[in-house]
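Undergrad:
Number of protein chains: 2
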Amino acid sequence: MFTEEYFMKQAYKEAEKAFEEGEVPVGAIIVSDNQIIAKAHNQTELLNDVTAHAEIVAITAASEYLGTKYLSECTMYVTLEPCIMCAGALYWAQLGKLVFGASDEKRGFFRYGRELLHPKTTVLQGALETECSALLKSFFAARR
Amino acid sequence: MFTEEYFMKQAYKEAEKAFEEGEVPVGAIIVSDNQIIAKAHNQTELLNDVTAHAEIVAITAASEYLGTKYLSECTMYVTLEPCIMCAGALYWAQLGKLVFGASDEKRGFFRYGRELLHPKTTVLQGALETECSALLKSFFAARR
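Sequence lines, in order, name chains G and W.
Take 269 as the starting number for the first sequence in our numbering and just add one per residue.
Take 269 as the starting number for the second sequence in our numbering and just add one per residue.
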């Protein structure tokens, strides 16, 4: 049951919530020992705050839950390749593993290289990519 | 009165608060129309949250105050060169002007280039650099 796909679907459900709220549809969850300890979706519009990306909100929630600012035993599942800001936050959190869905050629951190993340962070990309990408495209198409 | 030095000293006072609280001493303020609309210092230890850098806390507070997530008419004064995470946040906020004190060769955003910030953001570095840098050195020296 606890497959990469299962967890990515939970992140996707968070992205759907963002979509329904008129937010750029990105969702993230953080898993520790096969347990989801944080769920979040993009809330930049609701909060009028550029820092309220799904990843940042999830990191804050997971740190609160664990009582530590280091997430080296955790995996983050996020529907879109993190931006520079979020990659920087994941660096400081020393995230154990990052799994992301859709790529973001324009604003994704990979443009600046994998070393934006902590050396200990393993990365898996392309999980549920088609669905994650389709949700984003559908969102932006509706706004044009 | 409303000189770069005056505002940088207010950011420095925030850094001193962080120092007193056992946090890495970094302070930031955000100014709009010569008025300070946000003051913050690093609170990563207190909040157990890697995202609680002075800049992130200040951006959230300024956006709340202005009721908009864009800070294109604002100047941020921060005692240390922002990291990747904070530069990424300042990009999304489309900050008008960034003034920083001490440089951070290891973790500062300049390592990856000025383009991590928004093209509209002007940058002034080295304001009150000696004091800002001395406070950081004093903090780390006491911890060795």
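Virtual Cβ for every residue (Gly too), placed ideally from N, Cα, C.
(1) Which residues, taken in chain order from the stretch 333–359 of chain W, show a beta carbon closer than 9 angstroms to some beta carbon of chain G?
(2) Within 8 angstroms (strictly less), CB to CB, does Leu384 (chain W) reach chain G?
(3) Which of helix, strand or coil does DSSP assign to Gln393 (chain G)?
(4) How close, in whole Å, do the beta carbons of Glu399 (chain G) and Tyr280 (chain G) come, if the pair is a contact with beta carbons under 8 angstroms?
(5) Closer than 7 angstroms, Cβ to any Cβ of chain G: which residues of the stretch 319–331 of chain W, in chain order?
(6) For Ser389 (chain W) and Leu363 (chain W), what's the separation of their Cα atoms in angstroms?
(7) Considering only DSSP beta bridges, list what Gly295 (chain G) is partnered with.
(8) Report the CB separation of Leu348 (chain G) from Val294 (chain G) in whole angstroms; it is logged as a contact under 8 angstroms.
(9) Pick out whichever of G:Ser300, G:Val299, G:Tyr274, G:Glu313 has its Cα sitting closest to the Cα of Phe287 (chain G).
(10) Within the stretch 356–412 of chain G, note down every full alpha helix (DSSP H) run reaching 4 residues or more, in order along the chain.
(11) As a quick exercise: from W:Val292, W:Ile324, W:Ala410, W:Ala329, pick the residue whose alpha carbon is nearest that of Ser266 (chain W).
(12) Alpha carbon to alpha carbon, how far is Glu332 (chain W) from Asp317 (chain G)?
(13) Counting only beta-carbon separations shorter than 8 angstroms, does Asp372 (chain W) have a partner in chain G?
(14) Taking only the alpha-carbon atoms, compute the straight-line gap between Ala320 (chain G) and Glu397 (chain G) and give it to the nearest angstrom.
(15) Between Val325 (chain G) and Pro350 (chain W), what straight-line distance do the alpha-carbon atoms span, to the nearest angstrom?
(16) Just mark Asn302 (chain W) as buried or exposed, buried being the case when its beta carbon has 16 or more other beta carbons within 10 Å.
(17) Can you name the start and end residues of the beta strand (DSSP E) that Tyr280 (chain W) belongs to?
(18) Specify the secondary structure class of Thr319 (chain G) as computed by DSSP and reduced to three states.
(19) Mapping DSSP to helix, strand and coil, what is Leu339 (chain W)?
(20) Using CA coordinates, which residue listed in G:Phe378, G:Leu392, G:Glu289 is at the minimum distance from Leu366 (chain G)?
(21) For chain W, find out if any of its Cβ atoms is closer than 8 angstroms to the Cβ of Thr389 (chain G); answer yes or no.
(22) Indicate the three-state DSSP secondary structure (helix, strand or coil) for Met353 (chain W) in the structure shown.
(23) Could you tell me whether the Cβ atoms of Met344 (chain W) and Ile305 (chain W) are closer together than 8 angstroms?
(24) Could you tell me the alpha carbon to alpha carbon distance between Leu403 (chain G) and Lys277 (chain G), rounded to whole angstroms?
(25) Excluding the 5 residues flanking Ser340 (chain G) on each side, which residues of the same chain have their C-beta closer than 6 angstroms to its C-beta?
(26) Can you tell me the Cβ-Cβ gap for Met353 (chain W) and Met353 (chain G), rounded? I've got them flagged as a contact below 8 angstroms.
(27) Between Arg412 (chain G) and the ligand MG, is there a pair consisting of the residue's CB and a ligand heavy atom that are separated by less than 7 angstroms?
(28) So with CB distances below 7 angstroms, who are the chain G contacts of Ala361 (chain W)?
(29) Examine chain G for any beta-carbon lying closer than 8 angstroms to the beta-carbon of Tyr380 (chain W), and answer yes or no.
(30) Taking the CB atoms as reference points, tell me whether His309 (chain W) and Glu272 (chain W) lie closer together than 8 angstroms.
(31) Do Ser406 (chain W) and Ala370 (chain W) have their C-beta atoms within less than 8 angstroms of each other?
TA: According to the data block:
(1) Leu334, Gly335, Thr336, Lys337, Tyr338, Leu339, Cys351, Ile352, Met353, Cys354, Ala355, Gly356, Ala357, Leu358, Tyr359
(2) yes
(3) strand
(4) 6 angstroms
(5) Thr319, Ile324, Ile327, Thr328, Ser331
(6) Note that residue 389 (chain W) is Thr in the sequence shown here, rather than Ser. Spanning the two alpha carbons is a distance of roughly 6 angstroms.
(7) G:His309
(8) 5 angstroms
(9) G:Glu313
(10) 397–411
(11) Shown here, chain W extends from 269 to 412; a query on residue 266 (chain W) therefore has no answer.
(12) 8 angstroms
(13) no
(14) 23 angstroms
(15) 20 angstroms
(16) exposed
(17) Tyr280 (chain W) -> not in any beta strand (DSSP E); alpha helix (DSSP H) instead, spanning 272–288.
(18) coil
(19) coil
(20) G:Leu392
(21) no
(22) helix
(23) no
(24) 13 angstroms
(25) Gln362, Gly364
(26) 5 angstroms
(27) Only the bare structure without any ligand can be found here, which leaves the ligand MG out of the picture.
(28) Val318
(29) yes
(30) no
(31) no
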